[in-house]
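Inspection log for the structure reproduced underneath, given as structure tokens.
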Amino acid sequence: MQDETPWRKSLLARIRRERPVLLAAILSALAALAAGMNKWVVLVLLLVMILTALFNEAPVLKAEPVEPVEAEPQAPPSRLPDISATLAGLDIPAMVLSDDASVLFQNRAAEKAFGEVALGAHISARLRSPGVLDMVRETIATNAPNQIEHAERLPSERVYIVRSAPVEFQADGEPERFFILSFRDISEVRRIDRMRSDFVANASHELRTPLASLRGFIETIQGPAKNDQKAQAQFLGIMLDQATRMSRLVDDLLSLSRLELKSHIAPDEKVDLVPLLGHVRDSLVPLARDVGVDINLHLPDGKVEVLGDRDELVQVFENLIENACKYGQEGKTVDVWLKNGAGAPVEVSIVDKGPGIPAEHVPRLTERFYRVSIEDSRSKKGTGLGLAIVKHILTRHRARLIVKSEVGKGTDFTVRF
Numbered sequence: 001m002q003d004e005t006p007w008r009k010s011l012l013a014r015i016r017r018e019r020p021v022l023l024a025a026i027l028s029a030l031a032a033l034a035a036g037m038n039k040w041v042v043l044v045l046l047l048v049m050i051l052t053a054l055f056n057e058a059p060v061l062k063a064e065p066v067e068p069v070e071a072e073p074q075a076p077p078s079r080l081p082d083i084s085a086t087l088a089g090l091d092i093p094a095m096v097l098s099d100d101a102s103v104l105f106q107n108r109a110a111e112k113a114f115g116e117v118a119l120g121a122h123i124s125a126r127l128r129s130p131g132v133l134d135m136v137r138e139t140i141a142t143n144a145p146n147q148i149e150h151a152e153r154l155p156s157e158r159v160y161i162v163r164s165a166p167v168e169f170q171a172d173g174e175p176e177r178f179f180i181l182s183f184r185d186i187s188e189v190r191r192i193d194r195m196r197s198d199f200v201a202n203a204s205h206e207l208r209t210p211l212a213s214l215r216g217f218i219e220t221i222q223g224p225a226k227n228d229q230k231a232q233a234q235f236l237g238i239m240l241d242q243a244t245r246m247s248r249l250v251d252d253l254l255s256l257s258r259l260e261l262k263s264h265i266a267p268d269e270k271v272d273l274v275p276l277l278g279h280v281r282d283s284l285v286p287l288a289r290d291v292g293v294d295i296n297l298h299l300p301d302g303k304v305e306v307l308g309d310r311d312e313l314v315q316v317f318e319n320l321i322e323n324a325c326k327y328g329q330e331g332k333t334v335d336v337w338l339k340n341g342a343g344a345p346v347e348v349s350i351v352d353k354g355p356g357i358p359a360e361h362v363p364r365l366t367e368r369f370y371r372v373s374i375e376d377s378r379s380k381k382g383t384g385l386g387l388a389i390v391k392h393i394l395t396r397h398r399a400r401l402i403v404k405s406e407v408g409k410g411t412d413f414t415v416r417f
């Protein structure tokens, strides 16, 4: 049997491949004949369908196999932006550190307190404290929070509670760890604690001295001077002075306590300073005469009114003018100026021509029990609380005390409303 020619092989292959189509065409033709169509028309249509199926085949394109592309593994989203956004709103310094103690973020409060540090730099580039660095290393090593107290000396003395704590997140099964370093400023708390401790110590000392004096004189009167009328009279006079000193001290302490309780309430009563200063001068004339000082008032015409509490303002100017008389008596005069210029604040200046105050003492004059000269203050029967009371009263009146002094030329205390 001879081999089949190529076109015959191709035709047979097409018939086998298109067998379903040819069978459908024959069935359609039989259905058309059964329906009563013209047999010649049906035959022509059948022939067209067979030829179309065998000789007008659409080319079959063989698709090239496409190798699947493996997706690159995506790193889980970091939670650092969430932490940074939260810390940015805090008013305490805070930093975010990595596992190697590199700075990943610092909020605005940290930049203001410690200066800006380059992100990615080690924490030691900004903080040199061995205690803080050791604490950070321990937290990273143990994954446990720690805290210490840390003091900064420059640009100003500040005390912080520094806390380091780990923060962990789970992102697609992978743990992500950061460390938060925060600084809580306790400078004001420490300052108040020191003031309270100093106040108790100073008040105890101030009361102990006259009490010891009283006890000694009482024992002397009961013993060796029991029958000495002259010594008893002398001792009783000293005892009266010491008791009076204690009374003044207690009165001043009570005044301070009352002022602190109402320091946040500003007075709203109108007070005319012209007659008030005249009243204060008149009440201090006997004291001024005893120390050889003249008090000169320089007052404008008309009223000069401020919002205030009259009794407290009397206490302020009595303290200031009495101090000027006692500590500036070498100058022989004390000038009191009341200024009320147009568009300018009301000012009362008490100026003496005494020895003046050294510059290093001026900032501390209003501290409780602070004295430039302890012996000089006690000899003039001062309690060390007068200027502290003045400061508290002026704070309540929303006023300022301005002190200008030059050694050898005198002192100017100005109250500015």
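As numbered in the UniProt record's numbering, residues 1 to 417 make up the sequence shown, in order. For every residue, glycine included, the Cβ atom is placed at its ideal position computed from N, Cα and C.
If contacts are defined as beta-carbon pairs under 8 Å, then residue i and residue j qualify, I think. What distance do you get, rounded to the angstrom?
i	j	result
residue 439	Phe178	Since the first and last residues shown for the chain are 1 and 417, residue 439 lies out of range.
Thr383	Asp252	5 Å
Val346	Asn296	The pair is not a contact, with the Cβ atoms about 19 Å apart (cut-off 8 Å).
Asn202	Arg368	7 Å
Ile92	Arg184	6 Å
Val274	Lys303	6 Å
When the Cα atoms are used, what is the spatial distance from residue i to residue j?
i	j	result
Glu188	Lys226	54 Å
Ile180	Leu127	15 Å
residue 437	Leu401	Because residue 437 is not part of the residues shown, which for the chain are 1 to 417, the question remains open.
Glu138	Gly89	28 Å
Arg416	Ser349	9 Å
Lys262	Val390	14 Å
Leu108	Pro81	One point to set straight first is that residue 108 is Arg, not Leu, in the sequence displayed. Arg108 and Pro81: Cα-Cα distance of roughly 15 Å.
Leu47	Ile26	10 Å
residue 442	Phe199	Given a span of 1 to 417 for the chain in the structure shown, any question on residue 442 remains unanswerable.
Leu236	Ala342	56 Å
Ile357	Gly216	36 Å
Arg190	Leu277	39 Å
Ile265	Leu249	25 Å
residue 418	Phe114	For the chain, the structure presents residues 1 to 417; residue 418 sits outside this window and is missing.
Residues in the same chain with beta-carbon distance under 6 Å from residue i, minus the five sequence neighbours each way, listed in chain order, please.
i	result
His150	Ser129, Val132, Tyr160 and Val162
Phe105	Ser84 and Val96
His298	Trp337
Val69	Confidence at Val69 is low in this model, with a pLDDT of 49, below 50, so its placement is unreliable and no value can be given for it.
Arg364	Tyr370
Enumerate in chain order the residues of its own chain whose CB-to-CB distance from residue i is below 7 Å, with the five nearest sequence positions on each side excluded.
i	result
Lys270	Glu305 and Leu307
Gln232	Ile221 and Ala225
Ile393	Leu259, Glu312, Gln315 and Val316
Asp134	none
Asp241	none
Ala110	Pro93, Ala94 and Met95
Glu322	Leu284 and Leu287
Excluding the 5 residues flanking residue i on each side, which residues of the same chain have their C-beta closer than 8 Å to its C-beta?
i	result
Ala243	Pro210 and Leu214
Met246	Leu207, Pro210 and Leu211
Lys39	Leu33
Glu157	Ala151 and Ser187
Val362	Val403 and Ser405
Ile238	Ser213 and Phe217
Glu330	Lys353, Gly354 and Pro355
Asp272	Lys303, Val304 and Glu305
Would you say the beta carbon of residue i is closer than 7 Å to some non-hydrogen atom of the ligand FAD?
i	result
Lys39	Here there are no bound small molecules, and the ligand FAD is not part of this structure.
Spell out a yes or no on whether the segment 199-210 and the segment 161-171 are touching, meaning 3 or more CB-CB pairs, one atom from each, closer than 8 Å. Contact between the segment 199-210 and the segment 161-171 is absent: fewer than three C-beta pairs spanning the two stretches fall below 8 Å.
Can we say the segment 399-416 touches the segment 351-369, given the rule of at least three CB pairs closer than 8 Å? Touching, yes, given that three or more Cβ pairs across the two stretches are closer than 8 Å.
Do three or more CB pairs link the segment 286-294 to the segment 237-256 at distances below 8 Å? In short, these stretches do not touch, since the Cβ pair count stays below three.
Cβ contact (3+ pairs, closer than 8 Å) linking the segment 306-323 and the segment 384-399: In this structure the segment 306-323 lies against the segment 384-399, because at least three pairs of beta carbons, one per stretch, are closer than 8 Å.
If you scan the segment 333-381 from start to end, which runs of the alpha helix (DSSP H) of 4 or more residues do you find wholly inside it? You should have 374-379.
For a minimum of 3 consecutive residues, which ranges assigned as the beta strand (DSSP E) are wholly contained in the segment 225-311? Listed in chain order, they are 270-272, 294-298 and 305-307.
Scan the segment 145-195 and note each continuous beta strand (DSSP E) run of 3 residues or more that stays entirely inside, going in chain order. The qualifying runs are 146-152, 158-171 and 174-185.
Could you name each continuous beta strand (DSSP E) segment of 3 residues or more that falls completely within the segment 91-120, going from the start of the chain to the end? List check, beta strand (DSSP E) in window: 94-97 and 103-106.
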